[in-house]
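What follows is a single structure, written as structure tokens, with notes after it.
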Amino acid sequence: MKIMVVCGNGLGSSFIMELNVKKALKELGKTAEVDHTDLTSAKSVQADIFIGAADIMSQMEDGKRTIVNLENMMSIPEIKSKLEPHLA
Amino acid sequence: MFLDERSASLLKLLQHSSIPSMSEIEDQTGLTRRQIQYSLGKVNDWLEFNSYDPVQYKRELGYFLSDKIAEDEISVKLTKRSYVFSEKDREQVIYLMILLSQEPLSVFHFQSATGVSRNTVLNDLQRLKETAKEIGLTIHYSKQAGYIITGNSRIKRFVIEQLLYEVLNSSNSQMITQCIWSGFEERIAAVHEKLENIEKQLDITFTDERLHELAYLFFSTDQLIGKGEELDQDPSWLPFTETKEYLLIDEMIDTTAFQSQWSLTEKLYATLHLVSMNRTKDRSPLRDDRVFHELLQQVTEEFERLTFVHLQDKEQLCEQLYLHFKPAFYRIKYGFPHVNPMMERVSKIYPELQHLTRKSLRILEKELGFQLPEDEVAYFTIYFGGWLQRQGTRLDDRKKAIVVCPHGIGVSNILNYTLRELFPTILFLDVLSVRDTAEYPLDYDLVFSSVFMRTEATLFVVPPILEERDKQKLNRQVMQELYGYTVPDSDVAGLMKLISKYATIHDPIQLEKELQATLYTQAAGTNTHAVKEAEKPVLGELLTTQTLQLKQHAATWQEAIQLAASPLVELGTVEERYVTAMVESIEKNGPYVVITPLVAIPHARPEEGVRSLSMSLLKLEQAVDFAPDKPVQLIIVLAAADSDSHLRALIQLTNLLNEPANIQRMLEATDKEQLLEIIHNYSKEETE
Chain Y
1 MKIMVVCGNG LGSSFIMELN VKKALKELGK TAEVDHTDLT SAKSVQADIF IGAADIMSQM
61 EDGKRTIVNL ENMMSIPEIK SKLEPHLA
Chain C
1 MFLDERSASL LKLLQHSSIP SMSEIEDQTG LTRRQIQYSL GKVNDWLEFN SYDPVQYKRE
61 LGYFLSDKIA EDEISVKLTK RSYVFSEKDR EQVIYLMILL SQEPLSVFHF QSATGVSRNT
121 VLNDLQRLKE TAKEIGLTIH YSKQAGYIIT GNSRIKRFVI EQLLYEVLNS SNSQMITQCI
181 WSGFEERIAA VHEKLENIEK QLDITFTDER LHELAYLFFS TDQLIGKGEE LDQDPSWLPF
241 TETKEYLLID EMIDTTAFQS QWSLTEKLYA TLHLVSMNRT KDRSPLRDDR VFHELLQQVT
301 EEFERLTFVH LQDKEQLCEQ LYLHFKPAFY RIKYGFPHVN PMMERVSKIY PELQHLTRKS
361 LRILEKELGF QLPEDEVAYF TIYFGGWLQR QGTRLDDRKK AIVVCPHGIG VSNILNYTLR
421 ELFPTILFLD VLSVRDTAEY PLDYDLVFSS VFMRTEATLF VVPPILEERD KQKLNRQVMQ
481 ELYGYTVPDS DVAGLMKLIS KYATIHDPIQ LEKELQATLY TQAAGTNTHA VKEAEKPVLG
541 ELLTTQTLQL KQHAATWQEA IQLAASPLVE LGTVEERYVT AMVESIEKNG PYVVITPLVA
601 IPHARPEEGV RSLSMSLLKL EQAVDFAPDK PVQLIIVLAA ADSDSHLRAL IQLTNLLNEP
661 ANIQRMLEAT DKEQLLEIIH NYSKEETE
């Protein structure tokens with residue numbers, strides 16, 4: 001299982017999200033590979049789930065990718081609830 | 001008066017032998033009869049101008065020259081006459097003619113001197129007028145006086161000095177001097193002779209070019225005085241009446257080489273030029289001037305200190321510098337122009353050497369109370385460069401480093417001094433602020449910085465004050481980077497001794513080998529770029545009183561970002577364009593930087609204007625909308641210098657923001673102290 005966190009520049013918010021996704025996974029008792037990248041690179045990488053701010057995730061939508069939109073990137077409960085359905 | 005190429009070759013033909021007929025000339029030159037008639041006219045003008053009889057025609061001989069023109073003389077004159085003056089040459093000729101001529105000048109004079117058309121001369125004059133105007137001189141024309149130039153007499157002299165230098169050192173100097181001083185050759189030669197006499201009496205030897213320049217300058221001065229162009233008195237020159245040079249000048253102008261009545265000021269003017277000319281040998285009494293000697297000694301010592309080079313035969317070098325500097329001192333002090341033709345080349349080829357020389361000269365400048373012009377600095381650079389070459393030392397082999405320290409001068413100097421001591425083989429160029437580094441003109445290989453910088457060079461992040469432990473670690477990193485190996489902390493021999501004290505060594509050779517290998521691999525593993533977590537700055541080091549702000553409101557989110565980033569722009573850690581980049585990133589990708597309600601972390605790419613890693617925080621009393629449903633009150637600007645040096649602080653920031661209570665407390669904060677307290681709580685541990 002690979003989760004890719006996406007943001008505009010791949011330097012700030014995506015890293016913060018990565019930390020939070022890891023925390024959420026830990027609280028869910030799940031394991032997954034988590035990485036972060038910028039929007040442009042994200043379009044050419046493979047991952048099981050793409051997660052990021054709702055504003056930019058629309059650009060990732062291609063009908064095939066599994067996409068999770070976050071409203072509040074700091075909210076572990078939100079991340080948990082949105083990720084859980086996608087995790088086996 | 002000059003000859004065009006075609007007429008010149010016709011003259012050459014005639015000089016060689018007579019030509020029986022016009023059709024023969026046509027055959028030999030390939031010119032039409034008309035062209036030949038025209039050229040013959042030109043040739044005759046030239047012959048007349050140079051006091052020869054014109055081309056003759058006799059039925060039995062054809063066309064011939066009745067005068068025998070000496071072979072070498074004509075070849076020189078032909079070169080001159082067939083030489084076409086460039087625009088610059090013409091300007092110099094015309095300028096000097098106007099400045100020096102004792103007779104009224106018209107366009108015709110310039111035409112015959114430079115051999116170009118009336119229109120070309122008029123254009124040249126127009127440009128000259130502009131050039132002269134820039135330095136406060138005016139070129140006028142009146143029917144009666146012809147072309148004259150008015151303005152400050154000292155400035156006129158300055159222009160003449162400069163023009164003489166240019167003309168005499170140009171490749172066409174002979175042709176130009178012939179235009180301006182034809183007929184005066186003997187008198188100039190006489191001045192030359194007088195100057196050689198002065199050299200003997202003073203026991204000095206001028207360089208050849210300088211002697212030549214002086215002869216023309218003194219002759220021109222005589223011409224100027226003759227036309228009533230005199231200098232105003234300058235009281236600062238008066239002490240020179242006491243010098244031997246002055247007496248010799250006084251004697252010199254009494255001779256027939258000079259025709260005008262020289263005032264005291266004019267004599268002093270000449271004296272000053274005499275003392276300020278470069279020489280190759282100097283045995284004059286002023287030589288005992290200890291002050292200069294000591295100052296130059298200090299300059300060389302400073303140079304050694306800055307470059308960590310030992311100069312051999314320093315006494316001898318000081319002698320040479322003295323020889324150069326004494327006249328330089330006078331010309332700088334009294335504002336005589338001096339062009340160093342090698343300056344540009346020196347600063348291009350040896351920029352570091354030039355830079356360090358300039359720094360070494362500060363002692364001298366401080367003592368003298370004036371700054372040395374770049375041309376003069378370049379001379380010193382040449383002396384030092386030559387000396388280093390002589391002793392086989394090269395600065396360009398050395399790794400060049402700069403020290404970046406945004407702290408106060410005191411701290412920066414301690415750091416600089418420590419690093420110099422620690423790495424004597426590295427050439428330390430300067431201590432700079434983050435801002436200055438971006439515009440630093442010299443090349444460097446290494447950067448020692450107390451902050452995380454964005455740089456192409458190899459970066460070593462160091463604490464501003466190095467403890468013994470830091471020094472050892474840094475030494476290892478630098479050695480590893482520069483030479484690919486490292487000196488172990490404790491030497492293997494020492495370890496062997498220690499081990500043998502407490503244990504029995506069965507195979508000392510193998511043990512030593514393995515110890516060596518282990519120490520080596522350990523050190524090799526410490527990659528300079530892979531900075532350990534512990535060395536990355538914590539949140540509290542980035543968010544400080546300097547970078548925190550509490551404000552009422554901002555009109556737009558763009559304005560809020562601008563405001564939030566302003567401390568970083570002021571500190572110079574980001575460029576103005578980084579602010580624009582952050583705004584553009586949001587315009588393009590949407591308000592994804594709003595990572596949780598009321599909190600935004602705007603940022604852009606390091607290469608979009610980050611100079612060094614930094615962060616700032618702005619708290620707004622009234623929220624500003626980053627998007628219709630995205631109000632923000634806390635704006636934390638992130639300026640990352642690379643992809644990882646900011647992560648430690650970012651983890652801490654994440655931990656802080658994970659607790660909604662913290663955000664609440666920050667929003668309720670009324671001063672920086674309260675904000676700092678929360679920040680510091682999260683600047684310690686790194687647990688996730």
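Top to bottom, those sequences are chains Y and C.
Take the first sequence: its letter number 80 is residue 80 in full-length UniProt numbering, and every next letter is one higher.
Take the second sequence: its letter number 582 is residue 582 in full-length UniProt numbering, and every next letter is one higher.
From the three backbone atoms N, C-alpha and C, an ideal C-beta is built for every residue, glycine too.
Since this is a predicted model, take the numbers as computed values, not measurements.
Quick check on C:N169: buried or exposed, where buried means 16 or more other Cβ atoms within 10 Å of its Cβ?
By the C-beta density criterion, C:N169 is exposed, having fewer than 16 other C-beta atoms within 10 angstroms.
| Leaving out five residues before and five after C:E352 in sequence, what residues of the same chain have Cβ atoms less than 7 Å from its Cβ? | L395, K400, L427, L429 and L442
Using CA atoms only, rank isn't needed, just tell me which of C:K630, C:I509 and C:L65 is closest to C:S17. C:L65
Rank C:P239, C:R290 and C:S220 by C-alpha distance to the C-alpha of C:Q162 and give the top, closest one. Of all alpha-carbon atoms in C:P239, C:R290 and C:S220, the one lying nearest the alpha-carbon of C:Q162 is that of C:S220.
> If you compare alpha carbons, which of C:G183, C:F329, C:T393 and C:I465 is closest to C:F380?
Replying inline: Of the candidates C:G183, C:F329, C:T393 and C:I465, the one whose C-alpha sits nearest the C-alpha of C:F380 is C:F329.
Task: DSSP three-state assignment for Y:C7, whether helix, strand or coil - done: strand
- Task: Please specify which runs of the beta strand (DSSP E), each continuous and at least 3 residues long, are wholly inside the segment 586 to 646 of chain C, giving them in chain order.
- Result: 594 to 596, 598 to 600, 614 to 627 and 630 to 639
Inset, instruction - Go to C:F110, then tell me how far its alpha helix (DSSP H) extends in each direction, as first and last residue. - result: V107 to T114
To which residues does DSSP link Y:G52 through a beta bridge? Y:V6 and Y:N69
Which residues does DSSP list as the beta-bridge partners of C:V403? C:V431 and C:F448
Determine the chain C residues that contact Y:S75 at a beta-carbon separation under 7 Å, and present them in chain order.
T596
Open item on the list: With a threshold of 7 Å between beta carbons, is Y:L19 in contact with chain C?
Closed with: yes
Item to check | Segment contact, 8 Å Cβ cut-off, at least three pairs: the segment 215 to 235 of chain C with the segment 267 to 275 of chain C | outcome: yes
request  = Please report the residue range of the alpha helix (DSSP H) in which C:K267 lies.
outcome  = L264 to V275
Taking Cβ to Cβ, would you say C:Q552 is nearer than 7 Å to C:E659? no
| Residues that C:I149 bridges to, as DSSP identifies them | C:I139
- Query: Could you give the uninterrupted runs of the alpha helix (DSSP H) lying entirely in the UniProt domain "PRD" (287 to 394) of chain C, keeping only those of 4 residues or more?
  - Reply: List check, alpha helix (DSSP H) in window: 290 to 307, 314 to 333, 343 to 349, 351 to 360, 362 to 368 and 374 to 390.
| said: Only counting the same chain, and skipping five residues up and downstream in sequence, which positions put a Cβ closer than 8 Å to that of C:A564? | reply: Excluding residues within five positions, the ones whose Cβ falls inside 8 Å are Q549, P602, S616, L617, L618, I635, I636 and V637.
(Q) If distances are taken between C-alpha atoms only, which option among C:T207, C:T265 and C:P20 comes closest to C:Q233? (A) It is C:T265.
message = For C:Q144, which residues in the same chain have their Cβ closer than 8 Å to its Cβ, ignoring the five residues on either side in sequence?
response = P104
- prompt: Sorted by chain position, which residues of the same chain lie with C-beta nearer than 6 Å to C:L286's C-beta, five sequence neighbours on each side aside?
  reply: Any reading at C:L286 needs caution, since the residue's pLDDT is 46, under 50, leaving its predicted position unreliable; the model's value is listed next. Closer than 6 Å at Cβ, skipping near neighbours: no residue.
Task: Rounded C-alpha distance that separates Y:L28 from C:T437 - done: Between Y:L28 and C:T437, the C-alpha separation is close to 48 Å.
The ligand PLP and C:K684: does the residue's C-beta get closer than 6 Å to at least one heavy atom of that ligand?
Among the components modelled here there is no ligand, and therefore nothing to report on the ligand PLP.
Quiz item: Looking at chain Y, which residues of the segment 579 to 593 of chain C have a Cβ within less than 7 Å of any of its Cβ atoms?
Solution: S585, N589, G590, P591, Y592 and V593
Do we get a CB-CB distance below 7 Å when we pair C:H355 with the residues of chain Y?
C:H355 does not count as touching chain Y.
- Item | Interface flag, C:L388 vs chain Y, CB-CB below 7 Å | no
Please confirm whether C:V346 and C:R358 have their CB atoms less than 7 Å apart.
no
**Item:** Segment contact flag, the segment 194 to 211 of chain C with the segment 113 to 128 of chain C, C-beta cutoff 8 Å, min 3 pairs
**Value:** no
- Message: Can you check which of these residues, C:G62, C:G151, C:K513 and C:V538, is closest to C:S23 by C-alpha distance?
- Response: C:G62
Worksheet item: Since C:S614 and C:A639 are thought to touch, with beta carbons under 8 Å apart, how far apart are those beta carbons, to the nearest angstrom?
Response: 5 Å
Quick check: the Cα distance between C:L571 and C:Y578, rounded to an integer number of angstroms?
Just so you know, the alpha carbons of C:L571 and C:Y578 end up roughly 13 Å apart.
- Task: Classify C:Q261 as helix, strand or coil using the three-state DSSP reduction.
- Result: Coil.
- Excluding sequence positions up to five away, which residues of its chain have a Cβ less than 7 Å from the Cβ of C:E130? Excluding positions up to five away in sequence, the list is empty.
message = Suppose the cutoff is 7 Å on Cβ atoms and the five residues either side in sequence are ignored; what does the same chain contact list for C:T255 look like?
response = K194
Exercise. Kindly indicate the opening and closing residues of the beta strand (DSSP E) around C:K551.
Key: L548 to K551
How should C:K532 be labelled, buried or exposed, when 16 other C-beta atoms within 10 angstroms of its C-beta is the threshold for buried?
Since pLDDT at C:K532 reaches only 46, below the 50 mark, its modelled position is unreliable, and no value is offered.
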